Amino acid sequence: MAATGSAVGLGNVWKFPYVAGENGGGAFVLIYLLCIAVVGLPILIGEIMLGRHGASNPFSAMIKSARESDASKLWAGTAILGIVAGLIIMSFYSLVAGWVLDYTVAMANGQFTGADAAVVDNYFNNVLLGDQKLQLAWHSAFTLITVAVLAGGVIKGLGNSIKIMMPLLFVLLLVSFFYSLNQGDFARGLHFMFDADFSKINAETVLIAMGQAFFTLSLGMSAMMAYGSYMPKSASIARTAIVICILDTGIAILAGLTIFPIVFAHGIEPSQGPGLMFLSIPLAFGNMPGGEIFGTLFFVLIAIAAWSSAISLVEPAVAWLSENTRLNRPVSAAIVGSIVWAGGTACIYVDGVFDQFDYIASNVLLPLGGLLIAIFCGWIMKRKIAKRELGDLSFNQFNLWYATTRVFTPVGVIAVLLFSTGIVKFNHDEALDLIESPANIEAPAADAVVAPKLEAPAAGPASQPQAAQ
């Protein structure tokens, strides 16, 4: 249950809708779902398996698996890569969680009761984002809460609280969904979410969709290895991973179906960016009976979800530091907390840092970490170890996971990284013509040799993601 709490958080309700809005809606959702099934699920199973087999912090777990597989201890670098990615993500994640805390208070004070789109927009862009000291205060408070919990141990009480929090969050999301269904432009929101326009699919879209899948499932950041180390041998890793994927994807889709109809009904641009949830949800609860109560509870639960995910982001670093140095856990938590606090402060005061942290972690480090996990589980780790940890799977089920992890997942991740970074390019317009009108493509002569059209990467710096605000 704690692992589910790690996966279900701000990435589903806050990030998924705005990233889908920035990348064309339905086309992005389609690629995202494919990434969850073909890339996310196999790697999730592998990462949990490595954690349970190692029964220690991610770094030590990788060393144990490498040693038992007669492989180099350098594979433990995969865990270090995940730890670094988690700390970078936590730097801006805690800032957004601070926004959630602010909105919890604002909703309770009736700030959005009867508010229209202009009032909500002014609050987010001017009252909150325009006050750097206010953001710093909320960011500091959230970081302090997270560090305090980590100082005492990650599992104590976390699973029980999430068992209560998860159903409540789902119920309140359903409440806002039904408001959106009745008061929002639901037909337009539905079309935006599920009408796939293939002209909007390119290598960058696929990379961002894959990065979002890694982000929401907490993959490639060593978090699932950390939770796997606490999983009893009697529990089914595959079943747990499937449940996590279903809940994670379901809540993300439900959040999109809740937010986009409100967005279109109030003339808000779906490509608004990170503020999309903070512009739409207050409009829903602020204009329904009892909205102050339901809205406040909604943001409280979002804050708790963010807190559980934040723990998973930072726990691997704290565990590694406390187990590999003479520092006790409270001191280790304080050191790691100071690092992410400094990173979050930079996101507030330095333009572009928020976007750069998000892009580098989500679209580079997480896929790279996931790729290394897939290669290790599929090619390096002894098959008998994996077979023993996944003993509840049938012969065919295990072979399906094993083949996917060995071949399809690594090839897919490598291809996306190559195309998105410009190392390999293809003619997008010709590919689109082939998909939409294959009859219009001339067949080559019988003696012709057809080779893929490759272009050298353009010179100059890589394009940067859009500003967060």
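First residue of the sequence shown? That's 288 in our numbering, and the numbers climb one at a time after it. Even glycine gets a Cβ: it sits at the ideal position worked out from N, Cα and C. These numbers come from a predicted model, not from an experiment.
1. Looking only at its own chain, which residues have a Cβ that is under 7 Å from the Cβ of residue 627, when we skip the five neighbours before and after it?
2. Identify which residue in 589, 629, 632 and 657 has its Cα closest to the Cα of residue 296.
3. Do you know how far the Cα of residue 665 is from the Cα of residue 299?
4. Can you list, in chain order, the residues of its chain with a C-beta nearer than 7 Å to that of residue 619? Leave out the 5 residues immediately preceding and following it.
5. Could you tell me whether any Cβ in chain B is nearer than 8 Å to the Cβ of residue 460?
6. Throw me the rounded Cβ distance for the residue 703 and residue 493 pair, which I believe falls under 8 Å.
7. Please list the terminal residues of the continuous alpha helix (DSSP H) segment that includes residue 759.
8. Please name the residue, chosen from 579, 652 and 650, that lies closest to residue 395 on a Cα-to-Cα basis.
9. Whole alpha helix (DSSP H) runs in the region 429-484 with 4 or more residues, listed along the chain?
10. For the alpha helix (DSSP H) containing residue 696, list its first residue and its last residue.
11. Could you give the distance in angstroms between the alpha-carbon of residue 569 and the alpha-carbon of residue 416?
12. Less than 8 Å between the beta carbons of residue 511 and residue 335, yes or no?
13. Is residue 400 helix, strand or coil when you go by DSSP?
14. Do you know how far the Cα of residue 332 is from the Cα of residue 623?
15. From the DSSP output, in three-state form, read off residue 295 for me.
16. Enumerate, from N- to C-terminal direction, the unbroken alpha helix (DSSP H) stretches of 4 or more residues contained entirely within the region 618-683.
17. Would you identify the three-state DSSP class for residue 583, choosing helix, strand or coil?
18. Which term fits residue 596, buried or exposed, when burial requires 16 or more other beta carbons within 10 angstroms of its beta carbon?
19. Take every Cβ of the region 559-573, pair it with every Cβ of the region 396-412, and state whether three or more of those distances are shorter than 8 Å.
20. What would DSSP say about residue 415, mapped onto helix, strand or coil?
21. At a cut-off of 7 Å, would you count residue 573 as near the ligand MN, judging by its Cβ distance to the nearest heavy atom?
22. Three or more beta-carbon pairs under 8 Å between the region 536-549 and the region 469-476, yes or no?
23. Reducing DSSP to helix, strand and coil, say where residue 555 ends up.
24. Would you please state the rounded distance, in angstroms, between the beta carbons of residue 708 and residue 661? I believe it to be under 8 Å.
25. Just confirm the distance between the C-beta atoms of residue 679 and residue 523, as a whole number of angstroms; I'd bet it's less than 8 Å.
26. Let me check understanding here. Comparing Cα to Cα, which of 410, 553, 508 and 414 lies closest to residue 470?
27. Taking only three categories from DSSP, how would you classify residue 420?
28. With DSSP run on the structure shown, which of helix, strand or coil describes residue 300?
29. Have a look at 366, 669 and 359 and flag the residue whose alpha-carbon is nearest the alpha-carbon of residue 348.
30. In this structure, does DSSP put residue 408 in helix, strand or coil?
31. Looking only at its chain, what residues have a beta carbon closer than 7 Å to the beta carbon of residue 566, apart from the 5 residues adjacent to it on each side?
32. Note down, in chain order, each residue of its chain lying with its Cβ closer than 6 Å to the Cβ of residue 306, except the 5 sequence neighbours on either side.
33. For residue 357, which of helix, strand or coil comes out of DSSP?
34. What does the alpha-carbon distance come out to for the pair residue 562 and residue 304?
35. In whole angstroms, give me the CA-to-CA distance for residue 462 and residue 452.
36. For my contact list, residue 515 and residue 337 are in at a C-beta cut-off of 8 Å; report their separation, rounded to the angstrom.
Quick answer:
1. 374, 377, 378, 381, 430 and 601
2. 589
3. 29 Å
4. 605, 608 and 609
5. Looking for chain B here will not work: only one protein chain is present.
6. 5 Å
7. A question about residue 759 goes unanswered here, because the residues of the chain that appear run from 288 up to 756.
8. 579
9. 445-470 and 473-481
10. 696-707
11. 16 Å
12. yes
13. coil
14. 27 Å
15. coil
16. 640-647, 653-662 and 670-676
17. helix
18. buried
19. yes
20. helix
21. You won't find the ligand MN in this model; it holds no ligand whatsoever.
22. yes
23. coil
24. That belief does not hold up - the Cβ atoms of residue 708 and residue 661 are roughly 19 Å apart, past 8 Å.
25. 5 Å
26. 553
27. helix
28. helix
29. 366
30. helix
31. 407, 408, 411, 555 and 559
32. 499
33. coil
34. 10 Å
35. 15 Å
36. 7 Å
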